[in-house]
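Novice: For what it's worth, this note's numbering labels the leading residue of the sequence shown as 588, then goes sequentially.
Got a structure for you, written out below as structure tokens; questions coming shortly.
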Amino acid sequence: MLTIDQAYGPHKFGLSFELFPPKTEVGVENLQFHLEKLMQFRPSYVTCTYGAGGSTRDRTLEVIGGVRKKYQVPVATHLTCVGSTAEELRAYLRRARDLEVHNVVALRGDPPQGETKFQSIAGGFSYANELVEFVRTEFPSLGIAVGGYPETHLEAPSPQVDLDNLERKVDAGADVVITQLFYDNNDFFSFREQCTARGIRIPIVPGLLPVTNGAQIQRISSLCGAKLPGPFLAELDRFEPGSEGQFEVGVEFAAQQTADLIAAGVPGIHYYVLNKSEAIDRVLRAVEVPGNCDE
Ligand SMILES: Cc1cc2nc3c(=O)[nH]c(=O)nc-3n(C[C@H](O)[C@H](O)[C@H](O)COP(=O)(O)OP(=O)(O)OC[C@H]3O[C@@H](n4cnc5c(N)ncnc54)[C@H](O)[C@@H]3O)c2cc1C
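Encoded structure:
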């Protein structure tokens with residue numbers, strides 16, 4: 588299995604981890620330490636984010652190419668349309684392919700800091716569906732994942748329009764939808780139902796970020812629009828930000844969220860691990876994650 592669509596199936600549960608490229612030497616060492624622990628869970632694949640404005644381009648490939656080389660696990664590079672022409676994206680994908688990176692998480696990307704509206708550049712793309720079409724045409728053997736939004740993308744005028752746009756990405760050749768993080772499974776279930784009603788048949792994989800620090804998660808959630816349920820927030824608020832107590836509350840919540848999603852038959856789970864292993868380790872030990880029967 589090298590392409591991510593093959594991670595999911597009637598007897599396969601796709602467990603995936605998302606990393607980001609560290610900025611410092613200490614960050615690199617931390618990542619190596621935590622990666623070693625994460626790999627004990629035998630993920631179906633590992634992905635690495637692509638910084639705003641393509642700022643981490645080289646480091647993304649370094650990290651994910653390194654994971655591929657060391658662990659021989661399938662990997663995916665995230666890729667955005669921000670600030671790149673088609674020619675530059677083509678060159679990046681060729682380098683990725685040379686490093687045995689067989690998958691792309693194809694995204695539009697966010698506007699650079701301080702700007703509110705995404706602007707495409709001359710010779711570049713305006714929306715992720717254009718990037719998907721480009722990858723599918725020029726690199727037909729690559730697996731392609733795209734982003735989906737259970738709580739609707741912040742810029743979309745309505746959930747229906749956002750779903751129309753998701754359909755464009757699927758029609759352009761996406762293999763898998765990975766969702767933005769969310770904390771109310773009902774949002775995911777309703778999103779999945781609407782996708783199914785529209786005839787979207789590719790795997791729809793929930794993306795989860797276990798809370799380990801209430802203050803940090805509020806920041807992340809305000810950026811991407813994920814709401815935290817009131818009772819969960821109240822429980823977190825009983826403890827100091829970043830304390831052991833918040834960690835325990837967060838792990839328990841993520842374990843319950845995971846267990847409920849598995850019980851509802853999700854094809855896999857994508858964890859935003861943020862280069863750490865402690866919370867995921869606890870969550871995955873607390874729940875029974877379906878195995879891969881055809882190994
Ligand atoms: C799993 C996942 C991983 C991510 N990884 C990264 C990362 O590594 N680096 C990073 O910078 N960001 C990342 N993001 C964030 C992502 O870049 C932002 O959410 C961004 O604002 C939208 O990206 P998209 O690919 O969903 O865009 P699109 O699908 O292009 O959608 C963007 C907006 O435009 C609308 N739209 C889409 N297509 C059209 C169209 N053809 N015509 C009109 N309107 C349209 C949509 O409804 C939506 O409101 C990730 C998000 C997810 C869910």
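For glycine and all other residues, C-beta sits at the position ideal for the given N, C-alpha and C.
By alpha-carbon positions, which one of Ser603, Glu738 and Ala759 ends up nearest to Leu861?
Specialist: If we check each option's Cα against that of Leu861, Ser603 comes out closest.
Novice: Is the beta carbon of Ala866 less than 8 angstroms from the beta carbon of Gly837?
Specialist: The answer is yes: Cβ separation under 8 angstroms.
Novice: Within the same chain, show all residues whose beta-carbon is closer than 6 angstroms to that of Val874, passing over the 5 residues directly before and after it, in chain order.
Specialist: These residues qualify, in order along the chain: Ala842, Thr845 and Ala846.
Novice: According to DSSP, is Glu605 helix, strand or coil?
Specialist: strand
Novice: Once the 5 residues before and after Leu909 are set aside, which same chain residues still bring their CB inside 6 angstroms of it?
Specialist: Nothing can be reported for residue 909, as the shown portion of the chain is limited to 588 through 882.
Novice: Any heavy atom of ligand 1 closer than 7 angstroms to the beta-carbon of Pro785?
Specialist: As written in the sequence, residue 785 is Arg, which differs from the Pro given in the question. Outside the cutoff, so no.
Novice: Check whether the Cβ of Ile765 sits closer than 7 angstroms to any heavy atom of ligand 1, and report yes or no.
Specialist: For ligand 1, a non-hydrogen atom lies closer than 7 angstroms to the CB of Ile765.
Novice: Take Ser576 and list the residues in its own chain whose beta-carbon comes closer than 7 angstroms to its own, dropping the five residues that flank it on each side.
Specialist: This structure leaves residue 576 out entirely; the chain is present only between 588 and 882.
Novice: Considering only DSSP beta bridges, list what Lys599 is partnered with.
Specialist: Gly596
Novice: Please name the residue or residues paired with Asn690 in a DSSP beta bridge.
Specialist: In the DSSP output, where bridge partners are listed per residue, Asn690 has Ala663 and Gly730.
Novice: Would you say the beta carbon of Val748 is closer than 7 angstroms to some non-hydrogen atom of ligand 1?
Specialist: yes
Novice: If you follow the alpha helix (DSSP H) that Gly817 is in, where does it begin and where does it stop?
Specialist: Gly817 to Asp824
Novice: For the segment 787-795 and the segment 851-858, state whether three or more C-beta atom pairs, one from each stretch, are separated by less than 8 angstroms.
Specialist: The segment 787-795 makes contact with the segment 851-858: 3 or more CB pairs, one atom from each, lie closer than 8 angstroms.
Novice: Taking C-alpha atoms, which residue in Ala639, Val633 and Phe600 lies nearest to Ile651?
Specialist: Val633
Novice: Keeping to the same chain, check which residues put their C-beta closer than 6 angstroms to that of Glu822; ignore five residues upstream and five downstream.
Specialist: Val836
Novice: My assumption, with CB atoms under 8 angstroms, is that Tyr770 sits in contact with Ala813. Please give the rounded CB distance.
Specialist: 6 angstroms
Novice: Report buried or exposed for His665, applying the criterion of at least 16 other Cβ atoms within 10 angstroms of its Cβ.
Specialist: Classification of His665: buried, given that the 10 Å Cβ count is 16 or more.
Novice: Would you check if the segment 722-730 and the segment 679-687 touch, i.e. whether three or more CB-CB distances between them fall below 8 angstroms?
Specialist: yes
Novice: So, with DSSP's three-state summary, where would you put Leu718?
Specialist: helix
Novice: Assuming Val763 contacts Ala732 (C-beta within less than 8 angstroms), just tell me the rounded distance between them.
Specialist: 4 angstroms
Novice: CA-CA distance, Gln700 and Pro597?
Specialist: 42 angstroms
Novice: When every heavy atom of ligand 1 is checked, does at least one fall within less than 7 angstroms of the C-beta of Leu694?
Specialist: Yes, Cβ of Leu694 sits closer than 7 angstroms to a heavy atom of ligand 1.
Novice: Using three-state DSSP, classify Ile591 as helix, strand or coil.
Specialist: helix
Novice: Considering Cα atoms alone, identify which of Val876, Ala759 and Glu738 is closest to Ser809.
Specialist: Glu738
Novice: Just how far apart, CA to CA, sit Tyr658 and Ile591?
Specialist: 16 angstroms
Novice: Secondary structure at Cys811, three-state DSSP: helix, strand or coil?
Specialist: helix
Novice: Only counting runs of 4 or more residues, tell me where the alpha helix (DSSP H) segments fall wholly within the segment 755-799, in order along the chain.
Specialist: With a minimum length of 4 residues, the continuous alpha helix (DSSP H) runs that stay inside the segment 755-799 are 772-784.
Novice: With DSSP run on the structure shown, which of helix, strand or coil describes Ile708?
Specialist: In the displayed model, Ile708 falls within coil according to three-state DSSP, outside both helix and strand.
Novice: DSSP on Val633, reduced to helix/strand/coil?
Specialist: strand
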